[in-house]
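Worksheet: the structure to be examined is printed underneath.
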Amino acid sequence: MLISYRNAAVEIIRLGLWNHRVQNALAKDVDLPVYQLECVLLLHLDKPDSAGSVAEKLGIHKSSLSKLLSALQQRGLIERALGDTDRRTERLTLTDAGTALVERVQSRAEEIASALLALLPEERRSQFMGCVRTITSNEVLVGIETPRNQTESLHEPTTT
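Position in the sequence shown counted from 1, then plus 101, gives you the numbering used here.
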């Protein structure tokens, strides 16, 4: 079967729309805006070494990140501290409440993954997971991502 770039592009768009619905559902389950949940999950999964790294990985400006981090800190989900060696950097860590929130999201995500994998025959599941790992572990998108502007990065999510 020949796959065209056009067909692949359409499926990537559909996957993005599906992912958007999943993210909205997960965020609603824990009563957080999507952009705040993305930040908490990034801190858990990637453990970035600085606030600047978080802004870069989320594709937002550092000025937008400050407001985002303040909201997460007020909710008791993260702690902020100056760097040990470079006082200009800010280290971010999840609190116990932040870790508990991640565990709730992980549990719900496992339910979604189970339903998704059930759609595939057993012999295709490991192939699918291999493809997903290849895509999510690759930095191929770095060159085409552009930071969102400040207003876009801090909007409240719309639920679908």
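By construction, the Cβ of each residue, glycine as well, lies at the ideal position given by its N, Cα and C atoms. Remember, it's a predicted structure, so these values are computed and weren't measured experimentally.
Worksheet item: Counting along the chain, where does the beta strand (DSSP E) carrying residue 225 start and finish?
Response: Not the beta strand (DSSP E): residue 225 falls in the alpha helix (DSSP H), residues 223-238.
Discussion item. So, under 8 Å CB-CB, residue 126 and residue 134 are touching, yes? Tell me the CB distance rounded to an integer number of Å.
Written reply: Contact doesn't hold; Cβ gap of about 13 Å is too wide.
Worksheet item: Using the beta-carbon count (16 or more within 10 Å), is residue 111 buried or exposed?
Response: By the 10 Å Cβ count, residue 111 comes out exposed.
Fill in: Alpha-carbon to alpha-carbon, residue 172 and residue 249
With a pLDDT of 44 at residue 249, under the threshold of 50, the modelled position of that residue is not reliable, and no figure is offered here.
Practice prompt. Measure the Cβ-Cβ separation of residue 200 and residue 177 and say whether it is below 7 Å.
Written response: no
Worksheet item: To the nearest angstrom, how far is it from the Cα of residue 191 to the Cα of residue 228?
Response: 40 Å
Worksheet entry | Contacts around residue 226, its chain only, beta-carbon distance under 6 Å, and the 5 residues preceding and following it disregarded | 218
Fill in: Contained alpha helix (DSSP H) runs [length at least 4] in the segment 106-174, N- to C-terminal order
Unbroken alpha helix (DSSP H) stretches of 4 residues or longer found wholly inside the segment 106-174: 106-130, 135-146 and 152-159, given in chain order.
Worksheet entry | Closest Cα partner of residue 153 within the set 116, 175, 211 and 183 | 183
Fill in: First and last residue of the uninterrupted alpha helix (DSSP H) at residue 200
197-219
Discussion item. Looking only at its chain, what residues have a beta carbon closer than 6 Å to the beta carbon of residue 120, apart from the 5 residues adjacent to it on each side?
Written reply: none
Worksheet item: In terms of residues, what are the limits of the beta strand (DSSP E) holding residue 183?
Response: 179-183
Discussion item. According to DSSP, is residue 192 part of a helix, a strand, or is it coil?
Written reply: strand
Worksheet entry | Nearest-angstrom Cβ-Cβ length linking residue 180 and residue 194, presumed shorter than 8 Å | 5 Å between Cβ atoms; contact.
Discussion item. Can you check which of these residues, 211, 198 and 209, is closest to residue 141 by C-alpha distance?
Written reply: Nearest in C-alpha terms to residue 141, of all of 211, 198 and 209, is 198.
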